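Quick notes on the structure that follows.
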Amino acid sequence: MKRTSIAFFALFSSLLPALLAQPNRIGQIDPGRTAVLKGNIHPGAQPQYDLGPVDPSQQITGITLMMKQTPSQLAELEQLLEEQRDPASPNYHNWLTPEQFADRFGLSRSDMAKVVAWLQSMGLSVDEVAQSRNWVVLSGTAGQLQSAFLTEIHRYRVDNEPHISNATEPSIPAVLESVVLGIRGLDDFRPKPRAKVRPLPPAGPRYTGSGGGHLLAPGDVGTIYNINPLYSRSINGSGQKIVVVGQTDVDLTDVRFFRQQFGLPANDPQVVLIPGSSDPGTSKDDLGEANLDLDWSGAIAPNATIVYVNSTNVYNSVQYAIDHTLAPVISMSYGYCEPKISSSPASSANFFRSLAQQANASGITWLAASGDNGAADCDTGATAKNGLAVDLPGSVPEVTSVGGTEFNEGNGKYWNTTNSANGGSALSYIPEMAWNDTAARKVLDGGGGGASMFFTKPSWQTGPGVPNDGARDVPDVAFAASPDHDGYLFAINGALQVVGGTSVATPVFAGMVSLLNQYQVSNGGKAGLGNINPTLYALAQSTPSIFHDVTVGNIIVPCDAGTPNCTNGSLGYSAGVGYDQATGLGSADAFNLVTLWGGRSSSGTTTTVTASSTSFLASGSTVLTATVKASSGTTTPTGAVSFTLNTTSLGTASLTGSAGTATATLTVFGSQLPVGASTITVSYGGNSGFNASSGSITVTVTLPTTTSAIVPSVVPNPVYEQQPDADGFTWFFTVRLSEIAGVATTLTDFTFAGTSLASRIQELFGSASLPARGTLSASLKARNLSGPGTVVLGFSGADAGGQKWTQQISVPFLGPQISSSMALTSSPGTVVQNPKARPDCQYYQQLNLQEQNGFGVQLTRFVAAGGDYTSVIANWFGSLRLAPLGTLQAGICWTGINPPETISYEMDGTDAAGNKISATASVPFQGPVPGAGTLSVSKNSVALTATAAQTATANVGVVVPGTQQWTVSVFPANQKTSWLVVFPLSGTGSATVNLSASTAGLANGVYTATLVFQSLNTIPQFINVPVTFTVGASSAVTISSVANAASFQQAFAPGMILSVFGTRLSSGTQSAASLPLPLSMAGVSATVNGVSAPLFYVSPTQLNIQVPYETPAGTAVLGVNNNGQVAVTSFQVNAAAPGIFVAGGSLVPTATARRGGALAFYITGDGDVSPPIPTGVPPAPVADLSQLPKPRLPVSVTVGGIPANIVFIGIPYLVGVTQINITVPSNAPLGPQPVVVKVGSVSSPAGTLTVTQ
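Structure representation (structure tokens):
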């Protein structure tokens, strides 16, 4: 390649844009086929605040349709960002123009043209197409928007403020679903400014309060943070630009007044109102935010050009500034707590990250405030109610988060008694502590910080003090922010005021970064730094003189008892040595930051890897040693190396060494790798003195032949914090040990976070004996973890021959999630061929799917054994919907197995907030076992009852051959079954399994679980035993029968109206007054499989309920609770069970129709619908009736045996009822004729229609 001719290179360069152009992803747009953009309703648009529809003629501007990148684009972009930071790469600081970014990472020109054409065809104005081709800004009337996006836009009053917002989820043409991330701007909710403005106090010496407190002028900050030496070298921002983003008009006379007061050179900001945005006008609160940002970014970099980009929404302002590369530094003082930024926070987080990556790729450094509510970013009152949270966009790894400190003088003398000409009186750097004025102000008032719930730990976020929590931690740096000790002076309305908050710390640091840019350019560097975070963390380790480590104070705030993360009435983080979540790396000495940023020449490095053994058993381990060597000199590389298998992290280790060579070691267990050859990559991220490098090694894992091989696993992984159970436990998980080599063994020790639980192995696992190719499992729960963080679970054991083994697994235990989590397992854990079964079902397994976090999931894709089985999800699992904390099971027969082999599975879905959810599993398949015995149990089901504060018990006998081992587990393994204790959980030979069901923490009602008995070398390999636990069972309340509410037959389907008959079902009679349906009326409620069933009607002898759409085919358990008295029954659910509403056997509302005439009638029991709608909720209004939900299964109608043409089918703003419009066949027999509806393969009972001529 080095001999490639210049002529060829020039030709290649000229063709590069065409070669990099993105392929088309959008086909023909069919407006008749749409997809719902879930999670695009603002959280403030609640029904209780709804004032009705907006005027259809109201103009709405600044709407952004956000695009998403393909996985390959994301991977390529992340690789480029790494190379742009690597001095050894030809792409080092080779920043992209917006057009170059578009050709590599945006939509194709053709696809973007199709999007624009569709928007314009709907009457909308396209105000801007991003140069990056990653979004479109549009506007239109409310009526046009409602028609285009099939939504309703309403007026709201929230917190005594008028707002507008879409009230229903928007939809787009289905073909655009693969390219559209979301839509922002259908509402006018805006992020709130955070500036903490105080009136100017009475002054003694100029800018010194009468109480002895001080106020910060530019001269003070220049002294405290050592900026003045830079000014003396003419490093003052000359030739540089800083963008400040806002959402208000500004009066430049305030900026001029501020600069005149403190002797700063005249330098008006440039004001840019983004195209297509209406004039935002002047907002009092936003004006203070804008003015302080303009004053202080310009005060720190007095000769820089400050570009103020504004619009009606600051998010539109920042995306415009990035897309037009208006400056290499962007200061943003706005933000929103992660969980509440939208109803689909994950989508918003992904969009911000996409935006930040574009900024970095263009050489832009984006700085954002960390928040001003302490560790509780979602709260604004006197106490926290929503738990720990951090701020977007500061939590994005490609954004630098700026936190807050306050001065801590102690007895030191740091202030002069008079001011200099520029208003300064500070004498030197002043010690700092974490900013927290909460106690003094009686309201949450302190710097923000903590762990992101969306972004994982970046590889560069390492060093002393960085939490091992697997999450992106913020802030990165912190500067003075207290408005009280000591506040910043700024100008507003022609006068000076006092202000504080991370809103001021951010433009202060933005000014410093601008000086850094100027210094780099003056020394021959290219303008722009991109993401400065990796270098900040490397410098903190290699050049600590750059930072003032803040080790005092905290951002701990009071919280309401019983709310998330609240322990002993408070939550938060303390400052400490090194990095901390209160102040990050600390504040910066600006002179050292600027002059030492590139002061140490970067040396190349090489990374090599060796292994103590390149071939080892699955039951063993190897020690990997990474050696990082400097290309020249004797200075030794420092930092950490990461070990990865493909995209899976195996761990990190810190480097130690001397004379230019450093090493790090990591023990890798065989259980962490697949059997066979694997290539492990070791990456060194570099630091300020050394470039990054990487190396790899191939190791081989083999199965032992005479010793056991243990593979530990934890489900779910990671483990997310849940609502506490009655005993305060908040983390629920299952530990499973699988033996895969065919040698039985014994578990002798189990450790959790370093604590040995050896004495509890029998209690937790049911047995210490792990059968050959068998499993041991324990359903566990934890509380009071010092998380979020990674917990190491360790296991030790010994085989019968004395061979000892050790394994471990590292599992992230993270804070609460706002998205779903699924777990997929198999019964049996290892599938053994049954040669006695029919030929097409000798390999039989049951897949068990459960939801872990309390959020429902719509299943969208299922792949197994290399095939796509999405089309049969509903047939195999009984439903496309997984209820919150619910379960689905699928019995599958496999053919074509060539044992031994392993089948991998993946189930994908989308939760209610639009988050993409996935669960995977891998299951070994083995050939037949000679002399397989028989597994049986003494009970097909178990029914337990108890009253409050009681415990119910039962037992189940398990029968296997005398030497055969068995296990039993509880499904689902989450807090929904924490009431059930089972022991023992395994054994050898026939035995009795004891069950204990506790009512502690349970309300009266019906609870269900499944016992899964397994034995490896038996036929069958597993047996399910359903368990029903009724709390508050009453003989007075009875259920005599249930029926389809239309046909009154024993035929049932998801979503149908179910009539329940019995005695004392209710104390009175009541009907639902409105939709959505209530979950309780007159003290009566109902559940189906533990899922609440909405109520139409209650009376002493009859209830009408809707069967939840999440109910899968199979046996369903119905519970009715009449003011604490509970009755229970079961019924069989099918995919469809259609019933026609009739009166006296004849159709309603019309019992007579002529040949060729139109007829409308209604059914229930047609099963799940598409697009899906929640149980108990009517469909949202649509402009096109064909877009209403309709049965997923095919529907046909006959009249007198003659097929009828269906003109319309859909749910007409009702619940549980589907309307069908047909044309009566012209050749239908005359007189009373049977009308039959067929849904899927199931036909309804006939209703009578009298056909006339």
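If you're matching positions, the sequence shown starts at 2 in this note's numbering and goes up one per residue.
The beta-carbon is built from N, C-alpha and C at its ideal position, and this holds for glycine as well.
Here the structure is a predicted model, which is why all the values come from computation and not from measurement.
For the alpha helix (DSSP H) that residue i lies in, which residues bound it at each end?
i    : result
Q859 : Per DSSP, Q859 belongs to no alpha helix (DSSP H); it is in the beta strand (DSSP E), 858-865.
Y538 : 534-543
L516 : 503-523
D750 : Careful: D750 lies outside any alpha helix (DSSP H), inside the beta strand (DSSP E) at 746-753.
V222 : 219-225
Do residue j and residue i count as a contact pair if the criterion is CB distance below 8 Å?
i     : j     : result
A641  : T657  : no
T249  : A291  : yes
V1300 : S1244 : With the chain represented from 2 up to 1254, any question about residue 1300 goes unanswered, as that position is not in the structure.
E722  : L771  : no
S680  : A663  : The residue asked about is misnamed: residue 680 is Thr in this sequence, not Ser. Not a contact, by the Cβ cut-off of 8 Å.
V1026 : S942  : yes
P901  : P929  : no
V1028 : L1012 : yes
I61   : L146  : yes
A1181 : E153  : yes
I1212 : V1170 : yes
C560  : T384  : yes
M454  : G816  : yes
Which residues in the same chain as residue i place their Cβ atom closer than 8 Å to its Cβ, once the five residues preceding and following it in sequence are excluded?
i     : result
A175  : D31, R34, T35, A36
Y1    : Since the displayed the chain opens at 2 and closes at 1254, residue 1 lies outside it and no answer follows.
P206  : Below a pLDDT of 50, predicted positions are generally treated as unreliable, and P206, at 37, falls in that range; the measurement from the model is reported next regardless. Same-chain partners within the cutoff: T418, T419, N420, S426.
I1040 : V1061, F1062, G1063, L1066, L1119, V1121, A1128, V1129, T1130
If residue i sits next to residue j, beta carbons under 8 Å apart, how far is it from one beta carbon to the other, in whole angstroms?
i     : j    : result
V181  : V244 : With a Cβ gap of about 27 Å, V181 and V244 do not count as contacting.
V610  : G696 : 5 Å
F734  : R784 : That belief does not hold up - the Cβ atoms of F734 and R784 are roughly 12 Å apart, past 8 Å.
R158  : I165 : No, R158 and I165 are not in contact; Cβ-Cβ is about 11 Å, not under 8 Å.
V1092 : G934 : That belief does not hold up - the Cβ atoms of V1092 and G934 are roughly 38 Å apart, past 8 Å.
G495  : S298 : Going by Cβ atoms, the distance from G495 to S298 rounds to 21 Å, so no, they are not a contact pair.
D296  : A492 : 6 Å
P829  : Q843 : Incorrect: roughly 14 Å between the Cβ atoms, too far for contact.
For residue i, which of helix, strand or coil comes out of DSSP?
i     : result
Y870  : coil
K115  : helix
I1221 : strand
D912  : strand
A452  : strand
P44   : coil
N1259 : With the chain represented from 2 up to 1254, any question about residue 1259 goes unanswered, as that position is not in the structure.
K782  : strand
D287  : helix
W877  : helix
C567  : coil
I893  : strand
Y93   : coil
V1038 : coil
T596  : helix
Tell me which same chain residues have a C-beta within less than 6 Å of the C-beta of residue i, skipping the five on either side of it?
i     : result
F263  : A218, P219, N423, G424
F1097 : A1073, N1105
P305  : Per the sequence shown, the amino acid found at residue 305 is Ala instead of Pro. Excluding residues within five positions, the ones whose Cβ falls inside 6 Å are G238, Q241, I243, S515.
G1158 : V1225
What first and last residue would you give for the beta strand (DSSP E) that runs through residue i?
i     : result
R473  : 472-475
K630  : 622-631
R158  : 154-159
N317  : Element bounds for N317: not the beta strand (DSSP E) but the alpha helix (DSSP H), 315-324.
N1122 : 1115-1123
N167  : 162-167
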